[in-house]
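Quick notes on the structure that follows.
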Amino acid sequence: MKRTLTIAALSLLAVACSSEPADEGREAAPGASAQGPAAPTQGNADTTNPAAGRTSQYTKLDSCKVVELNADEAYSVSECPGVGGYGLRVNESDLRETVAIVAPDGSRQDVDFSPAARSGGFSSIGDTIEWRGLRSGNTVEPDTVILRYALVEDPEKPEKPTRYLLTIALDGKAPCIMAITAPGAGQNEKARAATDTGPRTCLPAPN
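Following this line, the structure appears as structure tokens:
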């Protein structure tokens, strides 16, 4: 329900602000899905990095449960299953989406989206969530979440958001965005490389 409301609202806004078709210009970057990181069927581990012993597992936001909803104020909170004991909480307010990470011990911490949401435009989270880390039996012990973040950067063209990949570290004092990968060839691979080989430091909030 939550994501249906968001998509419908953004579509209406796009029609009101532009004469172009609502879906025009929404193609994903090569090798990437418009809704999330390139992924196999939900739950399959894939995209393994043998040298680092790292792999990925995927979940979908269509399995989320809405726990708070105020349609009049375009506000909702959804709880979503994750991998390795983790969960995800998707928060929507004023057609802008952010997430919180639910740790295996049940504690919840919001992710600071300010490094990515610099334009302040409307935003949404892609439907596929990638959990990346070391394989443990048939599952993954994730230290990273990779998600697609569609951000409206031109208010005159809300139907054409920029689709970034956000690499979120889970293994620090608090979950944080450690890399923002712009659309383009090899976008998924670059986002994974940011956690597999890059420095695990949080991006600073804008001044």
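Using mature numbering (1 follows the signal peptide of the UniProt record, and there is no 0), the letters of the sequence shown correspond one by one to residues -22 to -1, 1 to 185. A virtual CB, placed ideally from N, CA and C, is assigned to each residue, including glycine.
Selection from the options that minimises the alpha carbon distance to residue i
i	options	result
D121	S92, R141, C154	C154
I103	K135, E70, W109	E70
V118	T179, T140, Q35	Q35
G31	A163, A160, S114	S114
D90	G176, Q165, I158	I158
L144	G99, K135, T37, R126	R126
K43	I124, A49, V55	V55
D83	I146, G99, L73, G62	G62
L73	T179, S101, A94, C180	S101
P133	G99, Q165, N166	G99
P15	P161, E51, K135	P161
T37	A147, L181, D105, V45	D105
The beta strand (DSSP E) enclosing residue i, as first and last residue numbers
i	result
R32	32 to 38
V123	117 to 129
I157	It should be noted that the sequence gives Ala, not Ile, for residue 157. First-last of the beta strand (DSSP E) with A157: 154 to 159.
A145	Looking at the sequence itself, residue 145 is Thr, so the reference to Ala does not match. Segment 140 to 147, the beta strand (DSSP E) holding T145.
Where residue i falls: helix, strand or coil (DSSP)
i	result
D50	helix
S41	helix
L73	coil
R86	strand
Y64	coil
G111	strand
A78	strand
T106	strand
residue 249	Outside the modelled stretch of the chain, which goes from -22 to 185, sits residue 249, for which no answer is possible.
S92	coil
S97	coil
A7	For A7, the predicted structure reports a pLDDT of 33, less than 50, and the residue's modelled location is therefore unreliable. The matter cannot be settled from this model.
Nearest-angstrom Cβ-Cβ length linking residue i and residue j, presumed shorter than 8 Å
i	j	result
A81	Y53	Contact flag wrong, Cβ pair sits at about 24 Å.
L67	E75	The question names Leu, but residue 67 in the sequence shown is Arg. R67 to E75, Cβ: 11 Å. No contact.
E131	S97	5 Å
P139	A128	4 Å
Q39	I107	The question names Gln, yet the displayed sequence has Leu at residue 39. 7 Å between Cβ atoms; contact.
W109	G150	Contact flag wrong, Cβ pair sits at about 16 Å.
M156	T179	6 Å
residue 199	Y142	Outside the shown range of the chain, which is -22 to 185, sits residue 199, and nothing can be said about it.
N- and C-terminal bounds of the alpha helix (DSSP H) containing residue i
i	result
N166	165 to 174
CB contact check: residue i to chain C, cutoff 9 Å
i	result
E167	Annotation note: the requested chain C is absent from the structure, which comprises a single protein chain.
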